[in-house]
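Quick notes on the structure that follows.
Number of protein chains: 2
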Amino acid sequence: MPKTIDTAARREEIAEALWAVARDRGVSAVSVRSVAEEAGVAVGSLRHVFPTRAELIQFSAELMTRRVEERIKAEASRPGDEPAESALRVLRHLLPLTEESRAEMEVNLALFAEAPANPGIRTVRDAAYRDLREVCRLVVRRVRGCTSAAFGDGPGEDEPEARRLHALLDGLALHLLADDGERADAEVLRVLRAEIEALAD
Amino acid sequence: MPKTIDTAARREEIAEALWAVARDRGVSAVSVRSVAEEAGVAVGSLRHVFPTRAELIQFSAELMTRRVEERIKAEASRPGDEPAESALRVLRHLLPLTEESRAEMEVNLALFAEAPANPGIRTVRDAAYRDLREVCRLVVRRVRGCTSAAFGDGPGEDEPEARRLHALLDGLALHLLADDGERADAEVLRVLRAEIEALAD
DNA sequence: AGTGTTGTGACACAGTTGTGCTAGAAAAGT
DNA sequence: ACTTTTCTAGCACAACTGTGTCACAACACT
């Protein structure tokens, strides 16, 4: 048997190269060639792992949401101190507050925007949407003391609050992209903190 | 003097063609040629009015925000009945609830996402951001009874509430793009109504 | 009717795009 | 050492991109 590379790892490297291209030169600059160059591989090698452009794009989008999800899950499963504080710590990870997560968010938005035209992206987006809503549900229940329906993951009676938190979160994230600077960061965090405190009644 | 066409009108027609292309085939399908064909004019004619692609894109973005702004202004200047009801009526116009405004929002988002790479779009986006924030400020003051600082348009003490309303609004709009259907529409409106009522204390 | 400006449409050109194809390099098995 | 399969790297092609150029049609004026 011949030489074998770690296909999964290679795919992730290339996906990260795609993010870099999208971040630095805009989504419209994402092409098989530009991504391959950024990743430091030949186009042929890239196409060995992603036979077609659509697969490349879709995988990159999937990986992005998966990374965010892992980050959230890791933070959420930490030993819970005060619920409100813990909630804020979790939700912070969904805001573009660092240079890295800012770039991430920009790519995320760009892919999101491309969804109407790309069915593959669309399913990724929809899954991410549902997952984030679920995170919001959990946070809402946790903050509200909430022994209610302890593990019914379905859309319980906290649904309006979850929807609201979800929307607020995405809205704040969006605004941090347009309105950068430390002042905006601080104000956004204040709004988020207030929302969580209001949730606890 | 030779034949003269209504340049302004022609530009708007072409911009609308751009929206249609972006909506139906995605932003990546927007090219001088595709837009010209959609508008039913020759590339040369298009380029007579938009010498370069960048100008075409930028104008289309500007026109979009201008249209929304006009719609809002028209609604806001209607004789004010109950403040809360009036506020809801105004803010509805910022949500993609109709097929038309949904397409509008999709294009808006796509252009928004392209901003990091395109300085021209960026200034349009920033202006739209500021304007919408101002609308939110006015709504907040109006709903809160609010004789306070009657015409200070600066960021008064209601700033956190305005920022929050603004974020919530954009978040809800974003979600309506991913989560269509009448149920989502109704729930989003409920969340918005609740926010306005909470604002009035 | 003539004239000069404005709008139109076509062509060309250099660059980029995605993808098909193929020849060779690399390495794990015998 | 040989074979076999994976991987790499490049070429080629047709389609598309933005833009420069230019001849011509259309029309408002004198």
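If you read the sequences in order, they're chains P and S. Quick note, this note's numbering runs 96 ahead of the 1-based positions in the first sequence. Quick note, this note's numbering runs 96 ahead of the 1-based positions in the second sequence. For glycine and all other residues, C-beta sits at the position ideal for the given N, C-alpha and C. This one's a predicted model, so the numbers in the text were calculated from it and none came from an experiment.
Alpha-carbon spacing of residue i relative to residue j, whole angstroms
{"i": "S/S197", "j": "P/V231", "result": "29 Å"}
{"i": "S/S182", "j": "S/L261", "result": "15 Å"}
{"i": "P/R237", "j": "P/A180", "result": "11 Å"}
{"i": "S/T103", "j": "P/R218", "result": "38 Å"}
{"i": "S/E134", "j": "S/L114", "result": "8 Å"}
{"i": "S/A172", "j": "S/H271", "result": "24 Å"}
{"i": "P/L142", "j": "S/R233", "result": "50 Å"}
{"i": "P/G241", "j": "P/I153", "result": "41 Å"}
{"i": "P/P147", "j": "P/T161", "result": "22 Å"}
{"i": "P/R149", "j": "P/E202", "result": "20 Å"}
{"i": "S/E291", "j": "S/L264", "result": "9 Å"}
{"i": "S/I168", "j": "S/R106", "result": "24 Å"}
{"i": "S/E210", "j": "P/L205", "result": "9 Å"}
{"i": "P/V164", "j": "P/A224", "result": "10 Å"}
{"i": "S/R286", "j": "S/R226", "result": "26 Å"}
{"i": "S/A116", "j": "S/G140", "result": "20 Å"}
{"i": "S/R229", "j": "S/G267", "result": "14 Å"}
{"i": "S/A170", "j": "S/L184", "result": "14 Å"}
{"i": "P/A269", "j": "P/L288", "result": "11 Å"}
{"i": "P/P253", "j": "P/A294", "result": "Residue 253 of chain P is actually Glu in this sequence, not Pro. Taking the straight line from one Cα to the other gives about 17 Å."}
{"i": "S/H144", "j": "P/V145", "result": "45 Å"}
{"i": "S/E151", "j": "P/A138", "result": "35 Å"}
{"i": "S/E166", "j": "P/I101", "result": "58 Å"}
{"i": "S/L207", "j": "P/F208", "result": "12 Å"}
Cutoff 8 Å: residue i Cβ touching any chain P Cβ
{"i": "S/H144", "result": "no"}
{"i": "S/P192", "result": "no"}
{"i": "S/S130", "result": "no"}
{"i": "S/G298", "result": "Residue 298 of chain S cannot be examined here, being either before or after the span of chain S that is shown, 97 to 297."}
{"i": "S/V287", "result": "yes"}
{"i": "S/H271", "result": "yes"}
{"i": "S/L152", "result": "no"}
{"i": "S/E278", "result": "no"}
{"i": "S/L205", "result": "yes"}
{"i": "S/A213", "result": "yes"}
{"i": "S/E134", "result": "no"}
{"i": "S/E283", "result": "yes"}
Bounding residues of the alpha helix (DSSP H) (the contiguous stretch that carries residue i)
{"i": "S/A104", "result": "103-121"}
{"i": "S/E291", "result": "278-295"}
{"i": "P/D266", "result": "255-274"}
{"i": "S/R198", "result": "195-210"}
{"i": "S/H144", "result": "139-145"}
{"i": "P/D136", "result": "Before going on, a small fix: residue 136 of chain P reads as Gly here, not Asp. It is not in any alpha helix (DSSP H) - P/G136 carries neither H nor E in the DSSP assignment."}
{"i": "P/E181", "result": "179-188"}
{"i": "P/S156", "result": "149-172"}
{"i": "S/P215", "result": "215-239"}
Below-8 Å beta-carbon distance, residue i vs any chain S residue
{"i": "P/P256", "result": "yes"}
{"i": "P/G222", "result": "The displayed chain sequence assigns Asp, not Gly, to residue 222 of chain P. Closer than 8 Å to some Cβ of chain S, the Cβ of P/D222 qualifies, so yes."}
{"i": "P/L275", "result": "It should be noted that the sequence gives Asp, not Leu, for residue 275 of chain P. True, the Cβ-Cβ gap to chain S drops below 8 Å."}
{"i": "P/R237", "result": "no"}
{"i": "P/E210", "result": "yes"}
{"i": "P/E195", "result": "no"}
{"i": "P/V123", "result": "yes"}
{"i": "P/R259", "result": "yes"}
{"i": "P/L184", "result": "no"}
{"i": "P/A138", "result": "no"}
{"i": "P/L264", "result": "yes"}
{"i": "P/E202", "result": "yes"}
C-beta atoms of residue i and residue j nearer than 8 Å
{"i": "S/S127", "j": "P/S124", "result": "no"}
{"i": "P/R119", "j": "P/A199", "result": "yes"}
{"i": "S/V220", "j": "S/A296", "result": "no"}
{"i": "P/A274", "j": "S/D276", "result": "no"}
{"i": "P/V235", "j": "P/L187", "result": "yes"}
State whether the region 211-221 of chain S contacts the region 146-164 of chain S, with contact taken as three or more CB pairs (one from each stretch) at a distance under 8 Å.
yes
When the Cβ atoms of the region 276-283 of chain S are set against those of the region 253-260 of chain S, are three or more pairs found closer than 8 Å?
no
Touch check for the region 106-120 of chain P and the region 172-192 of chain P: three-plus C-beta pairs under 8 Å?
no
Three Cβ pairs or more, each shorter than 8 Å: is that satisfied between the region 187-201 of chain S and the region 128-145 of chain S?
Flag = no, the region 187-201 of chain S and the region 128-145 of chain S do not touch.
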